[in-house]
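Novice:
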Amino acid sequence: MNAATLPSPWQAMSGVLQRDVRLALRRKAEWLGAVFFFVLVAALFPLAIGPELDTLRLIGPGVLWVAALLASMLSLGRLFEADHQDGSLEQLTLSAAPLSWLVVAKLGAHWLISGLPLVLLSPLLGLQFGLGPEALGILALSLLIGTPVLSLLGAIGAALTLGVRGGGVLQSLLLLPLYVPVLVFGTGAVDAHMRGLGAQAHIAVLLALLLAAAALSPWACAAALRLAVE
169 MNAATLPSPW QAMSGVLQRD VRLALRRKAE WLGAVFFFVL VAALFPLAIG PELDTLRLIG
229 PGVLWVAALL ASMLSLGRLF EADHQDGSLE QLTLSAAPLS WLVVAKLGAH WLISGLPLVL
289 LSPLLGLQFG LGPEALGILA LSLLIGTPVL SLLGAIGAAL TLGVRGGGVL QSLLLLPLYV
349 PVLVFGTGAV DAHMRGLGAQ AHIAVLLALL LAAAALSPWA CAAALRLAVE
């Protein structure tokens, strides 16, 4: 095959993105489980705490963010594992397109399937905690920026523990310290808005974390995946 017939990196990324989305839609149980976990955690907390709105407003952003963080971790299990088992990962590493670009496509598909539903559901679930319209908007915005960071950082852990026995526990130990700043500034954005302090600073930090993770994660994942297939 000559260079004229090779797909461009953009075409390769588009093909990987479409393939992963189609495969995820065929295996609905894998990603719906994380979404249902998010919904159940968010729905059960108000029942356990009681009907006091002041208390619910205080804990609501933190509960929703922790639920989103744990749901994101649940969905990382098969990010690279299925490709590793069926040999697709080796083909990706041998592709003419840069592996880091293909990792970006896989992460985009992962976020569309497991992260975007959490963002869309968060305003509805936030109503149970008595959050106002503006607070719900800040919550959704913080999750819109923060959940891609969770996917990007989580991919590093998934790549480093690929093929390792007991990798799920090791993955959690690696990722939880990295997730703490995202959790702090995500919940802090909503809390600062409700206190009248403004959420701009917290949103700016989340954007900075997103840019840093987007710059570093694909390269780190590509290096870890090459080691996993050797």
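Mapping of the sequence shown onto the working numbering: residues 169 to 398, in sequence order.
By construction, the Cβ of each residue, glycine as well, lies at the ideal position given by its N, Cα and C atoms.
Remember, it's a predicted structure, so these values are computed and weren't measured experimentally.
Between the Cα of L341 and those of A369, L238, L393 and A180, spot the shortest distance and give me the residue it belongs to.
Specialist: The residue with the shortest Cα to Cα distance from L341 is L238.
Novice: Would you kindly work out how many angstroms separate the C-alpha atoms of A236 and A197, rounded to a whole number?
Specialist: C-alpha separation (whole angstroms): 17 Å.
Novice: According to DSSP, simplified to helix, strand and coil, what is R194?
Specialist: Three-state DSSP puts R194 in a helix.
Novice: Classify A369 as helix, strand or coil using the three-state DSSP reduction.
Specialist: If DSSP states are grouped into helix, strand and coil, A369 belongs with the helices.
Novice: Just to confirm my understanding: we take L257, look at its own chain, exclude 5 residues before and 5 after, and list those with CB closer than 7 Å. What are they?
Specialist: If we look at L257 and ignore the five residues flanking it on each side, its Cβ neighbours are F248, D251, L393 and V397.
Novice: Can you say whether P301 is buried or exposed, counting buried as having 16 or more other CB atoms within 10 angstroms of its CB?
Specialist: Exposed is the call here.
Novice: Can we say the region 312 to 320 touches the region 274 to 291, given the rule of at least three CB pairs closer than 8 Å?
Specialist: Taking 8 Å as the limit for Cβ pairs, the verdict is that the region 274 to 291 does touch the region 312 to 320.
Novice: Can you round the beta-carbon distance between S290 and S240 to whole angstroms, since I take them to be within the 8 Å contact cut?
Specialist: Not a contact, Cβ separation roughly 13 Å.
Novice: On the CB-based measure, 16 or more other CB atoms within 10 Å of its CB, does M169 come out buried or exposed?
Specialist: Low confidence applies here, because M169 scores a pLDDT of 47, under 50, leaving its location unreliable and the question unanswered by this model.
Novice: Given L378, which residues of its chain have a CB within under 7 Å of its CB, disregarding the five upstream and five downstream residues?
Specialist: Around L378: I313, P316 and V317.
Novice: Please tell me whether M362 and A303 are closer than 7 Å, where the distance is taken between their beta carbons.
Specialist: In this structure, A303 lies closer than 7 Å to M362 by Cβ.
Novice: Can you list the alpha helix (DSSP H) stretches of 4 or more residues lying completely in the region 329 to 364, in chain order?
Specialist: The region 329 to 364 contains these whole alpha helix (DSSP H) runs: 335 to 362.
Novice: One question on the structure: do S243 and W199 come within less than 7 Å of each other, judged by their Cβ atoms?
Specialist: Yes, these two residues count as a Cβ contact at 7 Å.
Novice: Just to confirm, is the Cβ distance from V209 to P386 under 7 Å?
Specialist: No, these two residues do not count as a Cβ contact at 7 Å.
Novice: Just list the alpha helix (DSSP H) runs in the region 200 to 242, keeping only unbroken ones of 4 residues or longer that don't cross its boundaries, in chain order.
Specialist: Segments of the alpha helix (DSSP H) lying fully in the region 200 to 242: 221 to 242.
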